[in-house]
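Numbering (my numbering), first residue to last: 15 to 87.
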C-alpha cells in the first residue's frame with residue numbers, strides 16, 4: 015500500500031467529517047469511481063429507467079445522453 019501526503023482545504027475536510035465517514039474511505043471510494051469504466055448498466059439513469067424499452071430504435075440518431083449521469087447527478 016502507498017502512503018501519500020495530501021493538502022485538503024479545511025472547509026472540504028469539515029464537510030467530510032460532518033458526513034461521518036473516515037477520510038481514507040472517502041478517498042478510496044473516489045479513486046475507485048474514477049478508475050471504474052462507466053458502463054450503461056451501472057449508471058444512475060439505468061437504475062432509475064433501466065426497465066424502459068425503446069419502441070422505435072434508430073441508431074442513426076442520438077439524443078446526446080451518453081453523459082447524462084454527469085449532467086444530472
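Just so it is clear, CB atoms sit at the ideal spot from N, CA and C, and this is done for glycine as well.
Because the structure is a prediction, the values reported are computed rather than measured.
Practice task
Could you have a look at residue 16 and say whether DSSP puts it in helix, strand or coil?
Solution key: Here residue 16 refers to the residue found at position 2 when the chain shown is read from its first residue. In the three-state reduction of the DSSP assignment, residue 16 falls in the coil class, being assigned neither a helical nor a strand state.
Practice task
Measure the alpha-carbon distance for residue 42 versus residue 35 and round it to whole angstroms.
Solution key: Within the chain shown, the letter at position 28 stands for residue 42. Within the chain shown, the letter at position 21 stands for residue 35. Distance between the alpha carbons of residue 42 and residue 35: 12 angstroms.
Problem - Range covered by the alpha helix (DSSP H) that runs through residue 45 - result: In the chain shown, the residue the question calls residue 45 occupies position 31. Run containing residue 45: 37-49, per the alpha helix (DSSP H) assignment.
Exercise for the section: State the CB to CB distance for the pair residue 30 and residue 37, rounded to an integer number of angstroms; the pair is presumed to be in contact (CB under 8 angstroms). Expected result: Position 16 of the chain shown holds residue 30. Position 23 of the chain shown holds residue 37. Contact flag correct, Cβ pair sits at about 6 angstroms.
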